[in-house]
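Colleague:
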Amino acid sequence: RYFINDAFYKPGGPVFLMIGGMGSAKRNWTSRNLPFVAYAERLGALCLVLEHRFYGRSQPTGDLSTASLRYIRNHQVLGDIANFRIKIAKLMGLTKNKWVAFGEFYGGSLAVWSRIKYPDLFAAAVGSSAPVKAEINFDEYFEEVQVSLDAHNSECSSSVYLALREVTKRLIHQKHYSKLKRDFMLCEPLQIDSKQHATFVLENLMSFLIPIVQYNKKRKNIQDQMGNILSTDDFCKKMTETPLSSPYHRYARIMSNRIKNANLSCLDANYNHHLRRMSETSLNNGNILQVRQRLYQCCTEFGFFQTTDSKYQSFSELPLRYFLKQCSDVFGSEYSFSALNRSAQALNKYYGGFNVKGSKIIFSNGSLDPWSALGITKDINKNFRAVLIEG
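If you count by full-length UniProt numbering, then the sequence shown holds residues 1 to 391, one letter each, in order.
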C-alpha cells in the first residue's frame, strides 16, 4: 500500500519517499506538518509513503504464520522498496527525477540502507532516529532513558527506580498481589508461576516509560495504545511531587490514569494471555498492535531488546534471557540466541554498522532520544552529515 501527495510537486522536482517501519502507514504522513512534507513544499517535491510488508494492509500471504513471516527479512523489504521505486517511476514518468528516501526509527534504517544498496535508485537518504546497527542486547536504551529523565528533573529517575523497586519486592510475596492488582488496575488476580511471568508484569508496568521518553514534549499530542502520551516534563513533575505519598503510589497513580484515559477497564499483565495473543496468526482479529510481526523481526534479525543489563543505569529485572525466552515461547526453540546472533552479525557486516559506507546520507537524532545510542550522532565526513537536535 502506498499514499501520494502531489500538492507541492513541480515538474522535474525531486521525489521524496517516506518508508514505513514496524507499523501501519498512515495517509496523514503526507499531509501533516512532518519535516519531509515541509521540505517538499519548499523544493517542489512529490511525496510518497510506502507501507512495510506484513504491516497494515500490505499483507502478501494473508496470514502471520511463522512460515509466512520468513518473508519479512530486511533484504526482501529492501527489494520491495527498489521494486516500488522502479515501477512508480515508470508509471508516473519520474525516471529522470532525483529520489530521496526518508524514514524514522527502523524506517529510517531502511532509508539509509536503500541508499547504500541502491545508489543508482536513490540520490540521497535521511534517517531520523535510525539505528544503523543490529544490537541484540540493547542495554544502552535504559541508560539513555535515565539520562533523559534526569535532564528534566534530577530526582526523576531515582523516584522511578524506587517505585519499580517496590513493585519488584511486592511481586516476590503473594500477600501483596491483591494490592498490586488494585493499584495498577490489573485485569485479574496475579498468578505468578515463573520468573518469566513476574518479569512480564514488571515489563508491562515499565513499558509506558518508553513513549514518554522517546517522543518527549515535541510530540506531546501523539497517542499510543494507552491514549495520549505524557511529555517527559509532565511525567517527571508528577513523579517528584512530594505531597503525593511515595514514589510507588505516584507511579501507580500515573499508570492507572493512563489506563482510564485510554478507555480501558484494566491492564492485562498475564504472560499466558500474552503468549496466546502473540501466537495468533489470523489477520481477521485485526492484530491491532501488530506486535507479532515486530517480535519476529527482533527475534530473527535485529534484537533491539531493551534490557536493564547495563551497570550504568539503575533499572533492573529485564534481562536479555527474558526476551530470548519470549522468542522461543512464541516461535519455537529454534529461535535461539545463536541463530539471532548469526543474523545480526551478518546484517552488520553487510551494511557496515557504525562504519557506514556510501554518500549523501543525513542522520538526525534527538540528544535525549534513547535510539540515538544505535545511530550516527557525529559527522563522519562531508558525505555523511549528522544533525543532533537538543531534547
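The beta-carbon is built from N, C-alpha and C at its ideal position, and this holds for glycine as well. The model shown is predicted, which means the values in this text are computed figures rather than measured ones.
Check each candidate in Ala111, Lys133, Pro131 and Ser65 and name the one with the smallest Cα separation from Ala123.
Modeller: Ranking the options by Cα distance to Ala123, first place goes to Ala111.
Colleague: Do you know how far the Cα of Lys382 is from the Cα of Glu317?
Modeller: Approximately 43 Å, taken between the alpha carbons.
Colleague: Would the beta-carbon of Gln297 fall within 8 Å of that of Met22?
Modeller: Cβ atoms of Gln297 and Met22: closer than 8 Å.
Colleague: Across which residues does DSSP place Ile136 in a beta bridge pair?
Modeller: Paired residues: none, contrary to the question.
Colleague: If you run the structure through DSSP and keep just helix, strand and coil, what is Cys47?
Modeller: The answer is strand: DSSP assigns Cys47 an E or B state.
Colleague: For Asn341, which residues from the same chain have a beta carbon less than 7 Å from its beta carbon, with the 5 sequence-adjacent residues on both sides left out?
Modeller: If we look at Asn341 and ignore the five residues flanking it on each side, its Cβ neighbours are Ile136.
Colleague: Is there contact between the segment 183-193 and the segment 269-278, where contact requires at least three CB pairs shorter than 8 Å?
Modeller: Yes: at least three Cβ pairs fall under 8 Å.
Colleague: Mapping DSSP to helix, strand and coil, what is Glu160?
Modeller: According to the sequence displayed, residue 160 carries Val and not Glu. In this structure, Val160 counts as helix in the three-state DSSP scheme.
Colleague: So, helix, strand or coil for Tyr312, using DSSP?
Modeller: Three-state result, Tyr312: coil.
Colleague: Within 10 angstroms of the Cβ of Glu390, are there 16 or more other Cβ atoms? Answer buried if so, exposed if not.
Modeller: Exposed is the call here.
Colleague: Near Ile259, what residues of its chain come up, given a Cβ to Cβ distance below 6 Å and the 5 sequence neighbours on each side ignored?
Modeller: Cβ neighbours of Ile259 beyond the five flanking positions: Met185 and Leu267.
Colleague: Consult DSSP for Ala151 and reduce its assignment to one of helix, strand or coil.
Modeller: DSSP places Ala151 in helix when its eight states are reduced to three.
Colleague: Under 8 Å: do the segment 308-323 and the segment 96-107 share three or more Cβ pairs, one atom per stretch?
Modeller: No: fewer than three Cβ pairs fall under 8 Å.
Colleague: Between Gly358 and Ser129, is the Cβ-Cβ spacing less than 8 Å?
Modeller: Against a cut-off of 8 Å, the Cβ pair of Ser129 and Gly358 comes out as no contact.
Colleague: So, using beta-carbon positions, are Val126 and Ser109 closer together than 8 Å?
Modeller: In this structure, Ser109 does not lie closer than 8 Å to Val126 by Cβ.
Colleague: Determine the direct distance from the alpha carbon of Ala252 to that of Thr242, and round the result to whole angstroms.
Modeller: Each residue's alpha carbon lies about 14 Å from the other.
Colleague: Relative to the C-alpha of Ala45, which candidate in Ile4, Leu69, Phe54 and Leu283 has its C-alpha closest?
Modeller: Measuring from the Cα of Ala45, the nearest candidate turns out to be Ile4.
Colleague: Below 8 Å on the Cβ atoms is my guess for Leu347 versus Asn74; work out the distance and round it to an integer in Å.
Modeller: Yes, they are in contact, since the Cβ atoms of Leu347 and Asn74 sit about 6 Å apart, within 8 Å.
Colleague: Roughly how many whole angstroms lie between the Cα atoms of His152 and Asn257?
Modeller: Taking the straight line from one Cα to the other gives about 21 Å.
Colleague: On the DSSP bridge assignment, give the partners of Glu104 in chain order.
Modeller: Paired residue(s): Ser128.
Colleague: Is Gly303 helix, strand or coil when you go by DSSP?
Modeller: Gly303: strand per DSSP, three-state reduction.
Colleague: Nearest to Glu301 by CA position, among Ile172, Tyr106, Asn284 and Val356, is which residue?
Modeller: Nearest of Ile172, Tyr106, Asn284 and Val356 to Glu301, Cα basis: Tyr106.
Colleague: For Leu149 versus Cys236, is the C-beta distance shorter than 8 Å?
Modeller: In contact: Leu149 and Cys236 (Cβ atoms closer than 8 Å).
Colleague: Please report the Cβ distance between Tyr118 and Val49, rounded to the nearest whole angstrom; I am assuming they are in contact, meaning their Cβ atoms lie under 8 Å.
Modeller: The pair is not a contact, with the Cβ atoms about 18 Å apart (cut-off 8 Å).
Colleague: Can you grab the Cα-Cα spacing for the pair Glu143 / Ala373, in whole Å?
Modeller: One C-alpha to the other measures close to 9 Å.
Colleague: Between which two residues does the alpha helix (DSSP H) harbouring Tyr248 extend?
Modeller: Looking at the DSSP string, the run of the alpha helix (DSSP H) that includes Tyr248 is Pro247 to Asn261.
Colleague: Rounded to whole angstroms, how far is the Cβ of Leu64 from the Cβ of Gln293, which I believe are closer than 8 Å?
Modeller: With a Cβ gap of about 6 Å, Leu64 and Gln293 count as contacting.
Colleague: Check whether chain D comes within 8 Å of Leu164, counting only Cβ atoms and requiring the distance to be less than that.
Modeller: The chain inventory of the structure shown lacks chain D, comprising one protein chain alone.
Colleague: Would Met255 pass as a contact of Leu205 if the rule is Cβ separation under 8 Å?
Modeller: Against a cut-off of 8 Å, the Cβ pair of Leu205 and Met255 comes out as a contact.
Colleague: Can you grab the Cα-Cα spacing for the pair residue 409 / Ser231, in whole Å?
Modeller: Outside the displayed range of the chain (1 to 391) lies residue 409, so it cannot be described from this structure.
Colleague: Out of Leu162, Tyr248, Ser157 and Arg57, which one is the CA nearest neighbour of Lys179?
Modeller: Measuring from the Cα of Lys179, the nearest candidate turns out to be Tyr248.
Colleague: Determine the closest residue to Ile86 out of Ala7, Asp379 and Leu121, with distance taken between C-alpha atoms.
Modeller: Checking every option, the nearest Cα to that of Ile86 belongs to Leu121.
Colleague: Do you know offhand how far residue 392's Cα is from Met278's?
Modeller: This structure does not reach residue 392, given that the chain is present from 1 up to 391, and the question cannot be answered.
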